[in-house]
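>
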Amino acid sequence: GENVEQHPSTLSVQEGDSAVIKCTYSDSASNYFPWYKQELGKGPQLIIDIRSNVGEKKDQRIAVTLNKTAKHFSLHITETQPEDSAVYFCAASPYGGSQGNLIFGKGTKLSVKP
Amino acid sequence: DTEVTQTPKHLVMGMTNKKSLKCEQHMGHRAMYWYKQKAKKPPELMFVYSYEKLSINESVPSRFSPECPNSSLLNLHLHALQPEDSALYLCASSQEKLFFGSGTQLSVL
C-alpha cells in the first residue's frame with residue numbers, strides 16, 4: 024500500500040522567511056496530493072492540492088511542486104507570518120480526492136517567530 | 069461554501085454512557101467520513117459512507133456505530149467507550165476534494 028514520509032517534523036522560521044516541507048510517496052499510482060493546515064483545536068483545512076498531470080501550483084504565498092519521477096512533492100510558503108504557525112499534513116491518494124482514502128504524512132509543526 | 073459542521077465541539081463521557089456525535093454538510097457531497105485523530109498524529113480513517121451506504125469500515129470496534137440518515141447528515145453513536153478512545157473525532161465530506169469539520173474533542177473517563 025501507499026506510504027507517505029514527511030520531513031521535517033518541526034520547523035522554526037523567522038517571520039518573513041520562506042518555509043519548505045517535503046513529502047515522498049511510494050505508490051506510483053497516486054495521482055492526487057493535498058496539503059492540510061491544522062491549527063490547535065481545529066480540524067485540518069485544505070490549503071492547496073495538486074494532481075499528477077501538473078508539476079507546480081501556486082496560490083498567493085503558498086505553492087506546491089510535484090516530481091512524479093522522484094515521487095516527491097513539496098509545500099513552499101513565502102513571506103511567512105505568525106498566523107502560518109500550525110501543523111501541516113501532506114497526503115496522497117490513487118483515487119483523486121473523491122474517495123477520501125488519503126494516506127497522510129506524520130505532520131510538520133511550523134513555528135513562525137515574530 | 070466548504071463547511072462541514074460538527075456538534076458538540078467538546079464531549080466528556082463515562083465508560084457506561086451512550087452519546088452521539090453529529091455532522092452536517094450542505095455542499096451536495098455524496099461521500100461522508102469519520103476520522104479519529106490522536107494528539108500529534110495524522111487523522112485515521114474509520115468509516116466511509118457513499119450515497120448514504122456504508123462502503124468502508126476500517127475494522128472499527130462495534131462500540132462505535134455510524135449512521136447516515138440522509139445525504140447531508142452523518143452520526144456516530146458511542147457506547148461503552150474506553151479511555152483510550154479519547155481523541156478528536158473528525159467528520160469530512162468530499163466530491164473532488166476532502167473537507168473536514170472542526171471536530172469533536174472527546175474525553176472518556
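Heads up: the protein sequence lines correspond to chains W and Y, in order.
All residue numbers for the first sequence refer to this note's numbering, where the first residue is 24 and numbers rise by one.
All residue numbers for the second sequence refer to this note's numbering, where the first residue is 69 and numbers rise by one.
Every residue, glycine too, gets a C-beta built ideally from N, C-alpha and C.
Measure from the alpha carbon of W/Ala42 to the alpha carbon of each residue in W/Ile85, W/Glu25, W/Asn54, then state which is nearest.
Of W/Ile85, W/Glu25, W/Asn54, the residue nearest in Cα terms is W/Ile85.
> By how many angstroms is the C-alpha of Y/Glu126 removed from the C-alpha of W/Arg74?
Spanning the two alpha carbons is a distance of roughly 26 angstroms.
> So Y/Tyr157 and Y/Leu113 are supposed to be a Cβ contact under 8 angstroms. How far apart are they, rounded?
Not a contact, Cβ separation roughly 12 angstroms.
> Excluding the 5 residues preceding and the 5 following W/Thr88 in the sequence, name in chain order all residues of the same chain whose CB lies nearer than 6 angstroms to its CB.
So the qualifying residues of the chain are Glu79, Ser97.
> When you compare the CB positions of Y/Gln150 and Y/Met83, do they come within less than 8 angstroms of one another, or not?
Taking 8 angstroms as the Cβ cut-off, Y/Gln150 and Y/Met83 qualify as a contacting pair.
> Please give the ranges of any beta strand (DSSP E) in the segment 87–111 of chain Y, keeping only runs that are unbroken, at least 3 residues long and fully inside the region.
Complete beta strand (DSSP E) runs here, min 3: 99–105.
> Measuring CA to CA, which of W/Ile126, W/Phe112, W/His95, W/Pro137 is closest to W/Glu62?
Among W/Ile126, W/Phe112, W/His95, W/Pro137, the Cα nearest to that of W/Glu62 is on W/Phe112.
> Which residue's Cα is closest to the Cα of Y/Asn194: Y/Ala160, Y/Pro129, Y/Ser154, Y/Asp153?
Past the boundaries of the shown model lies residue 194 of chain Y; chain Y is included only from 69 to 177, so the question cannot be answered.
> Check whether the Cβ atoms of W/Lys132 and W/Gln37 lie closer than 8 angstroms to each other.
No, they are not a contact pair.
> Pick out whichever of Y/Lys104, Y/Val176, Y/Phe168 has its Cα sitting closest to the Cα of W/Tyr59.
When only C-alpha atoms are compared, the closest one is Y/Phe168.
> Consult DSSP for W/Asp40 and reduce its assignment to one of helix, strand or coil.
Three-state result, W/Asp40: coil.
> Within the same chain, show all residues whose beta-carbon is closer than 7 angstroms to that of W/Ser53, passing over the 5 residues directly before and after it, in chain order.
Once the five neighbours on either side are set aside, the close Cβ partners of W/Ser53 are Glu25, Ala115, Ser116, Pro117.
> According to DSSP, W/Leu133 sits in a beta bridge with which residue or residues?
Answer by DSSP bridge pairing, in chain order: W/Leu34, W/Ala109.
> Taking the alpha-carbon of Y/Gln74 as reference, which of Y/Glu120, Y/Ser140, Y/Val176, Y/Ala148 has the nearest alpha-carbon?
Among Y/Glu120, Y/Ser140, Y/Val176, Y/Ala148, the Cα nearest to that of Y/Gln74 belongs to Y/Ser140.
> Please return the same chain residues whose Cβ sits closer than 6 angstroms to the Cβ of Y/Leu146, not counting the five positions on each side in sequence.
Lys87.
> Cβ closer than 7 angstroms: which chain W residues qualify as neighbours of Y/Pro151?
Under the 7 angstroms cutoff, chain W gives no residues; its nearest Cβ is about 21 angstroms from Y/Pro151.
> Which of the three DSSP states, helix, strand or coil, is assigned to W/Asp50?
Coil.
> Where do the N-terminal and C-terminal ends of the beta strand (DSSP E) with W/Glu79 fall, by residue?
Per DSSP, W/Glu79 belongs to the beta strand (DSSP E) from 79–82.
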